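Data block below; observations after.
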Amino acid sequence: MFKNCIALCCAKRPSVAEDMEANGVPVYIDDVIDRLNKLLSEKNDLQIFAAEKIKQLTAELEVSDAGEFKAVERIRNGFARFKKEKYDTNPTLYGELAKGQSPKFLVFACSDSRVCPSHILNFQPGEAFVVRNIANMVPPYDTIKHSGAGAAIEYAVLHLKVENIVVIGHSCCGGIKGLMSIPDDGTTASDFIEQWVKIGLPAKSKVKADCSDLEYSDLCTKCEKEAVNVSLGNLLTYPFVREAALNKKLSLKGAHYDFVNGSFDLWNLNIGFSSSIIY
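The sequence shown stops at residue 279 when you use UniProt numbering, and every number in between is there.
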């Protein structure tokens, strides 16, 4: 029987970690080692042989722990903190949200990880319907192209009845830098990014025409704001947006968040830039 056990232990098979992961079981080093120690305490004759196997398994799991395991822990810990500090302390709010949503804002913001609008403007759950994409672009009305953006606008305006649409640009925007770097002949080097940011080409053209003497970085800053104005104009190509705006049921606003200097500019469509309102 001992020989049979040795043969089974030495047979080529997936590692414990691989076997557990394949079956959707999270791998915890301490848990696995505890299981092995329990098994070995019941099988004293295997202890010496299995010592090296435990070392091997520990090293294997530590490699796993250094990668995906930390990401999983970050997500788990993040939710635990949210639930403890936010969800469990606001039963009335989340009880109301379970019945539906009635946000006052539709917000277009960049996908950039540094500029989450809910953090910047302290939006609470249920306050803002948010669309995030590269360079916070709003494409013009088209029932075939960019239907994801169109669907979000349609839902927010016609079904949620939002009262404000805010397009928020930001400092150091990689999407705008990509737009400003597109060659004049229109050639592209990527499958998606450049085609998407070309929505802002009118902004690039205006900035280069009006501010040709500026350095590249300053041109990009100008374009970050001008691209917001292009998106505001594109919003008016949506018939239901235009109708709601003309009937004073919907307000369109542009904004620019400068996380380098900690400022936030806000302006109405066709009015111009305001001074910083958050500092």
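For each residue, glycine too, the CB sits at the ideal point set by N, CA and C.
No experiment lies behind these values; they were computed from the predicted model shown.
On the CB-based measure, 16 or more other CB atoms within 10 Å of its CB, does residue i come out buried or exposed?
i: A189; result: exposed
i: P117; result: buried
i: A7; result: Bear in mind that a pLDDT of 43 at A7, under 50, signals an unreliable position, so the model cannot answer this.
i: N234; result: buried
i: K204; result: buried
i: D142; result: exposed
i: N229; result: buried
i: R139; result: Correcting the residue identity first, residue 139 is Pro in this sequence and not Arg. The residue in question, P139, is buried, as its Cβ has 16 or more Cβ neighbours within 10 Å.
i: F79; result: exposed
i: L219; result: buried
i: G200; result: buried
i: A71; result: exposed
i: F82; result: exposed
i: D112; result: buried
i: I153; result: buried
i: D184; result: exposed
i: D191; result: exposed
May I ask you to list the residues that DSSP assigns as paired with residue i?
i: H256; result: G169, D265
i: R132; result: A109
i: N164; result: F105, S251
Take residue i and list the residues in its own chain whose beta-carbon comes closer than 8 Å to its own, dropping the five residues that flank it on each side.
i: T89; result: none
i: R193; result: According to the sequence displayed, residue 193 carries Ile and not Arg. If we look at I193 and ignore the five residues flanking it on each side, its Cβ neighbours are I134, G175, G178.
i: V197; result: I134, A135, M137, G175, I176, G178, L179, I182
i: Y94; result: Y87, P125
i: S102; result: G126, L160, K161
i: C211; result: D218, L219, K222
i: L214; result: K222
i: K208; result: L219
Ordered along the chain, which non-local residues of its own chain (more than five positions away) have a Cβ less than 6 Å from that of residue i?
i: I120; result: Y257
i: L106; result: F129, A156, V162, I165
i: H146; result: P139
i: V131; result: F108, A152
i: L236; result: R242
i: K206; result: E226
Once you ignore the five residues that flank residue i on each side, which residues in its own chain have a CB closer than 7 Å to its CB?
i: L232; result: V167, L252, G254, L269
i: L158; result: F240
i: I75; result: none
i: F123; result: P117
i: A244; result: V157, L250
i: R114; result: F259
i: Q195; result: T188
i: S276; result: Caution applies to S276, whose pLDDT of 41 falls short of 50 and renders its modelled position unreliable; the value that the coordinates give is listed next. Same-chain partners within the cutoff: S263, F264, D265.
i: K55; result: none
Taking the Cβ atom as the reference point for each residue, do residue i and residue j lie within a distance shorter than 9 Å?
i: residue 281; j: K99; result: The structure shown does not extend to residue 281, since the chain is modelled only from 1 to 279, so the question has no answer here.
i: F259; j: C172; result: yes
i: E96; j: G126; result: yes
i: Y238; j: G150; result: yes
i: C110; j: G186; result: no
Please confirm whether residue i has its beta-carbon closer than 9 Å to some beta-carbon of chain D.
i: I144; result: Any reference to chain D falls outside this structure, which holds one protein chain only.
Per the contact definition of three or more C-beta pairs closer than 8 Å, is the segment 251 to 260 in contact with the segment 225 to 243? yes
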